[in-house]
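Colleague: Residue numbers 6 to 636, in my numbering, belong to the letters of the sequence shown in order. Where is the CB? At the ideal position from N, CA and C, for every residue including glycine. In this text, all values refer to a predicted model and were calculated from it rather than measured experimentally. Take this structure first; my questions come after.
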Amino acid sequence: MSRVVRLALTLTIAALVATTAGTAAGAGENRLKVTEAAGARFPDRAYILDLPRGMRLTPSRIHLFENGRPVKNPSVVPAGGASARQLGVVLLIDASKSMRGRPITGALAAARAFLAHRTLSEQVSVVTFNNATSVVLPLTDDPAKIEEALSSLPPLALGTNIYDGVDRSVALLRDAKIASGSVILLSDGRDTGSTTTASAAAAAARAAHVRIFTIGLRSRSFSPTALRDLADAAGGGYSEATSSADLAGIYDELGAQLSGEYLLRYRSGEGGGREVRVSVTVDGVPGTVTTGYRTPSLPTKSTPPFHLPVLTTFWRSSVSYVFISLTIAILAGLTLMTLARAPAPTLRKRMSQFVSVVIAGEGKRPTMLTGRVVEGTERSLARTQWWSRFKEELELAEITMPPTHVVLWTFISTVLVTWLLAVISSSAIVALLGLSIPFIVRGHVKRKLGRRRDAFAEQLPDTLQVLASALRAGHSLVGALSVVVDDAPDPARAEFRRVVTDEQLGVPLEDALDTAAQRMANRDLEQVALVAALQRQTGGNSAEVLDRVTETIRDRAELRRLVKTLTAQGRMSRWIVSFLPVVLLVAITSINPHYIEPLYARSGGRVLLVIAAVMVIAGSLVIKRIVNIKV
6 MSRVVRLALT
16 LTIAALVATT
26 AGTAAGAGEN
36 RLKVTEAAGA
46 RFPDRAYILD
56 LPRGMRLTPS
66 RIHLFENGRP
76 VKNPSVVPAG
86 GASARQLGVV
96 LLIDASKSMR
106 GRPITGALAA
116 ARAFLAHRTL
126 SEQVSVVTFN
136 NATSVVLPLT
146 DDPAKIEEAL
156 SSLPPLALGT
166 NIYDGVDRSV
176 ALLRDAKIAS
186 GSVILLSDGR
196 DTGSTTTASA
206 AAAAARAAHV
216 RIFTIGLRSR
226 SFSPTALRDL
236 ADAAGGGYSE
246 ATSSADLAGI
256 YDELGAQLSG
266 EYLLRYRSGE
276 GGGREVRVSV
286 TVDGVPGTVT
296 TGYRTPSLPT
306 KSTPPFHLPV
316 LTTFWRSSVS
326 YVFISLTIAI
336 LAGLTLMTLA
346 RAPAPTLRKR
356 MSQFVSVVIA
366 GEGKRPTMLT
376 GRVVEGTERS
386 LARTQWWSRF
396 KEELELAEIT
406 MPPTHVVLWT
416 FISTVLVTWL
426 LAVISSSAIV
436 ALLGLSIPFI
446 VRGHVKRKLG
456 RRRDAFAEQL
466 PDTLQVLASA
476 LRAGHSLVGA
486 LSVVVDDAPD
496 PARAEFRRVV
506 TDEQLGVPLE
516 DALDTAAQRM
526 ANRDLEQVAL
536 VAALQRQTGG
546 NSAEVLDRVT
556 ETIRDRAELR
566 RLVKTLTAQG
576 RMSRWIVSFL
586 PVVLLVAITS
596 INPHYIEPLY
606 ARSGGRVLLV
616 IAAVMVIAGS
626 LVIKRIVNIK
636 V
């Protein structure tokens, strides 16, 4: 009877060994397994393919379908060719008191056997657990650090907090953003005090796409059911060892399995909010593996109605085209009719070129539309204070175009340029640059007038020297002025010719000289008018007085040149500071209109533009007052 019992025990032990070997060899069965990987955001998808041991996979051998439609150009990367942060393994080892001796020594030796299959880019972490969880080695791909962590025995303590260790291991892989993460758990007992439940640990692993492979080492408190359920819930597998000597074979088998896996990546063509059925078939492996997922819903966001600015709406409407077309037609017609009628100058207008006379309005009734428009415009402008001064400035600047024509052409140019800029740039800021045309015309007239007056001021000392010499030669003051008219260059010749002509027509000489001084804005010439008045009233040596006046004028001219030189930098700074913001605004608007758009599309931006314009103009005027030194 004892022989029968011994035979039965022997058969039972053999069956258990066979069961253990079959479990350890489970990874090498002729089957295909597909597990979803982390690190891919829809529409990108990633899966881990677990193939039969020793099988090599190429993209041509894999057939991938989503809802029955083939997926083109999938990417297949073997574990050995994976890049950093694609593969990661956490070795989770039980460090309770029950592991004292051969179990913990065998566990570390088995872990080193597992690392024999590790690829260079695969990251490894070592975590132990008892009544607390300890990260012996964070995730790293440094072989020296890994070897060092597995060379020393961890401290053992009471307690077996399995699920806390699993939760910490999953967190390591999730925080490191590992695409294909695995946890290999070894324990010889059941959980005794974890704050994390089994279902919560499995749910965290599934959410992070981490597989958990559990290994049970038989002991008195051994509970294979909990380890098997955890592995099944987390997409891994369960292996069982009867002794610490069996651990090396199990770890070696797992290392070979993980190193032979492939990372499958592709881009899904499905829309949002759909259930997708994924089917994978590999040539040479029987059967089809099916898994599924739900595509995320596409984000929907209510967009407020878009309203174009009022100015943009006007420019894009048909009303603007009709208005602009009519304006251009009317202005073009007026221009042609104005050019077709060139009114003959009257006697007073011809005399005004040589004599300071007042041109009275003519009573001739215009017979043409252009004449009515031009003369009506002139009568309207004559009511303003600047019109007579503007006509005089045009004459002094030697601009032959009639003043009314200058005003009309300036208006036409302003309208056309503003419209063209608005059409070309589609920007109200750029279109406003067309309003600078009147200022450009005014600046041109001022520049020509300034050059003529500056030339007169430069010629005045030499002209007065000639006048004094003529007086010494016995000429009267009027006769001496006639000599100046014959010898002086323009513009001095023209202005003194006007003085002589006025005197011949009965205008007192000092009044004629005062008029010339006002026309040329020259205070030095006022002294000559004073000399003429004194000579007419009291007599005296006018030549000597003119010599002293000439000397004074030369000294003042020298001082003006010195002041102009010293203030040149300030004047240049004024122009740079004034025009640099405008140039930058136009340049940025032309290069990147959307960048500058908030300045004129929002109320706050418009306020800033107004403030900036006021500050630039105020600064320019302040600098002008500083550098404008009267001598």
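Helix, strand or coil for Q128 per DSSP?
Modeller: Q128: strand per DSSP, three-state reduction.
Colleague: Spell out the partners DSSP gives Y600 in its beta bridges.
Modeller: Answer by DSSP bridge pairing: none, since Y600 is not bridged.
Colleague: I need the DSSP call for R211, collapsed to helix, strand or coil.
Modeller: helix
Colleague: Is the beta carbon of L163 sitting closer than 9 Å to the one on D193?
Modeller: no
Colleague: When the Cα atoms are used, what is the spatial distance from A137 to K150?
Modeller: 23 Å
Colleague: Mind pulling the beta strand (DSSP E) runs of 3 or more residues that sit fully within the region 204 to 254?
Modeller: Counting only unbroken stretches of 3 or more residues, the beta strand (DSSP E) elements lying wholly within the region 204 to 254 are 215 to 222, 243 to 246, in sequence order.
Colleague: Given 8 Å as the limit, is there contact between the region 176 to 196 and the region 41 to 58, that is, 3 or more CB pairs closer than that?
Modeller: In this structure the region 176 to 196 touches the region 41 to 58; the number of beta carbon pairs closer than 8 Å is three or more.
Colleague: Can you give me the Cβ contacts of P484 inside the same chain, cut-off strictly under 8 Å, excluding the 5 residues immediately before and after it?
Modeller: Sequence inspection shows Gly at residue 484; the Pro mentioned does not correspond to that position. Cβ neighbours of G484 beyond the five flanking positions: A475.
Colleague: Where I631 and F395 are concerned, what is the direct C-alpha to C-alpha distance, given to the nearest angstrom?
Modeller: 27 Å
Colleague: Around the Cβ of L56, are there at least 16 other Cβ atoms within 10 angstroms (buried) or fewer (exposed)?
Modeller: buried
Colleague: I need the straight-line Cα distance from D516 to A337, nearest angstrom please.
Modeller: 45 Å
Colleague: Taking C-beta to C-beta, are A250 and G93 nearer than 9 Å?
Modeller: no
Colleague: In terms of alpha-carbon separation, which member of N166, S174, F501, T295 lies closest to L144?
Modeller: S174
Colleague: Classify D49: buried if its beta carbon has 16 or more other beta carbons within 10 angstroms, exposed otherwise.
Modeller: exposed
Colleague: Relative to the C-alpha of V82, which candidate in R107, Q91, V285, F47 has its C-alpha closest?
Modeller: Q91
Colleague: Would you call the region 269 to 276 and the region 117 to 136 in contact, with 3 or more CB pairs under 8 Å?
Modeller: No contact exists between the region 269 to 276 and the region 117 to 136.
Colleague: With DSSP collapsed to three states, give me the class of A162.
Modeller: Strand, per DSSP.
Colleague: Under the rule that 16 or more other beta-carbon atoms within 10 Å means buried, what is L571, buried or exposed?
Modeller: exposed
Colleague: With contact counted as at least three CB pairs below 8 Å, one residue from each stretch, are the region 247 to 263 and the region 94 to 111 in contact?
Modeller: yes
Colleague: Just list the residues that DSSP pairs I98 with in beta bridges.
Modeller: As computed with DSSP, I98 is found in a beta bridge with T133, L191.
Colleague: So, L54 versus I189, is the Cβ gap smaller than 9 Å?
Modeller: Their beta carbons are not under 9 Å apart, which means L54 does not touch I189 by this criterion.
Colleague: Starting from T286, trace the beta strand (DSSP E) in both directions and tell me its first and last residue.
Modeller: 280 to 287
Colleague: Of the choices Y168, T230, P229, whose alpha-carbon is the least far from that of S204?
Modeller: Y168
Colleague: Contact check, V281 vs T293 under 8 Å by CB: the rounded distance?
Modeller: Between T293 and V281 the Cβ distance is about 16 Å, and since that is not below 8 Å, they are no contact.
Colleague: Taking the alpha-carbon positions, what's the E463 to V490 distance?
Modeller: 16 Å
Colleague: Since S547 is in the alpha helix (DSSP H), which residue starts that stretch and which ends it?
Modeller: 547 to 571
Colleague: For L440, collect the residues of the same chain with a Cβ closer than 8 Å to its Cβ; drop the 5 residues on either side in sequence, then sort them by chain order.
Modeller: T419, T423
Colleague: Beta-carbon separation of P159 and I220 under 9 Å?
Modeller: no
Colleague: Throw me the rounded Cβ distance for the R457 and L401 pair, which I believe falls under 8 Å.
Modeller: That belief holds up - the Cβ atoms of R457 and L401 are roughly 6 Å apart, short of 8 Å.
Colleague: Taking all protein chains shown into account, decide if I429 is buried (16 or more other Cβ within 10 angstroms of its Cβ) or exposed.
Modeller: exposed
Colleague: Verify whether the separation of the beta carbon atoms of R123 and S244 is less than 9 Å.
Modeller: no
Colleague: Within the region 420 to 445, note down every full alpha helix (DSSP H) run reaching 4 residues or more, in order along the chain.
Modeller: 433 to 436
Colleague: Using CA atoms only, rank isn't needed, just tell me which of A246, I445, L438 is closest to V412.
Modeller: I445
Colleague: Smallest Cα separation from L551: which of G240, Q532, R566?
Modeller: Q532
Colleague: Mark H214 as exposed unless 16 or more other C-beta atoms lie within 10 angstroms of its C-beta, in which case mark it buried.
Modeller: buried
Colleague: Starting from the C-beta of T202, find all residues in its chain whose C-beta is less than 8 Å away, skip the five residues before and the five after it, and write them out in chain order.
Modeller: Y168
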